[in-house]
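Notes to accompany the following structure.
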Amino acid sequence: MSTTSTPSTDDHVSPQRAFDRLVWHNPRVCNGCFERIKEIEEATFNGGVDDHDVAEHHRTPQATIEPDQQIQTSVDGATGSPQRGDPGDGTPRPSQQRTSIARTTCRSCARVGCWADDDTLSKIQAVRLTTPLAQRLEEADVGFGESVLRRAVRLFKEHEDAQGYDTEIFRRSVKLAVKRG
288 MSTTSTPSTD DHVSPQRAFD RLVWHNPRVC NGCFERIKEI EEATFNGGVD
338 DHDVAEHHRT PQATIEPDQQ IQTSVDGATG SPQRGDPGDG TPRPSQQRTS
388 IARTTCRSCA RVGCWADDDT LSKIQAVRLT TPLAQRLEEA DVGFGESVLR
438 RAVRLFKEHE DAQGYDTEIF RRSVKLAVKR G
């Protein structure tokens, strides 16, 4: 008799993990506003001896690609004479170079890289985000109560001990909505 559990082969998502699996850790969804930013088409091609899995990524109309400005610091190997006033004394000097890395940017919330903001949302902002959050749950065919989701977010944001933990508020609200839906 085995004591290890076998992983489920169906696409069932537990209420405890629904927010994390379907939204928060999903590269197709913006973590700032929960809008769908990528479509991923997956296919398997048969050719020769091995099958090849291919995933094609497409940005949705809610996303664009924008440069993310970063500063790279490098070290120049400066050489020069050890004479007085000569800036090149043979020691390396740091220099800065500005580079641009293309990143997916959400058109709905304008977040580069589609990461959630560190700032705490107001109660009104959090309740507004339940609409795209509900759309992501519907797309995954998860049964939930939309009114329960809205009410839970509103009540958690009113609770003084929890109102600063937006991710946890959405996680718990989705859990309640799925359990009661």
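Per the working numbering, residue 288 is the first one in the sequence shown, and the count goes up by one each step. C-beta: ideal position from N, C-alpha, C; glycine also.
- In this model, residue 468 and residue 425 are separated by some 12 Å (Cα to Cα).
- Pairing residue 318 with residue 402 gives a Cβ-Cβ distance under 9 Å.
- DSSP places residue 419 in the uninterrupted alpha helix (DSSP H) bounded by 417-426.
- Leaving aside the five residues that flank residue 408 on each side, the residues in its chain whose CB is nearer than 7 Å to its CB run, in chain order, 453.
- In the structure shown, the three-state DSSP call for residue 300 is coil.
- Residue 461 and residue 436 do touch by the CB rule: their CB atoms are close to 7 Å apart, below 8 Å.
- Between the C-alpha atoms of residue 308 and residue 412 there is a straight-line separation of about 23 Å.
- Per DSSP, residue 460 is one residue of the alpha helix (DSSP H) stretching across 453-467.
- In the DSSP assignment, residue 440 falls within the alpha helix (DSSP H) that extends over 433-445.
- Per DSSP, residue 310 has no beta-bridge partner at all.
- For residue 458 and residue 392, the gap between their C-alpha atoms comes out near 24 Å.
- Nearest to residue 299 by C-alpha distance, out of 428, 311, 440, 394, is 428.
- A distance below 9 Å separates the beta carbons of residue 431 and residue 465.
- The Cβ atoms of residue 395 and residue 320 lie closer than 9 Å to each other.
- With a contact defined as Cβ atoms closer than 8 Å, residue 315 and residue 323 qualify at about 6 Å.
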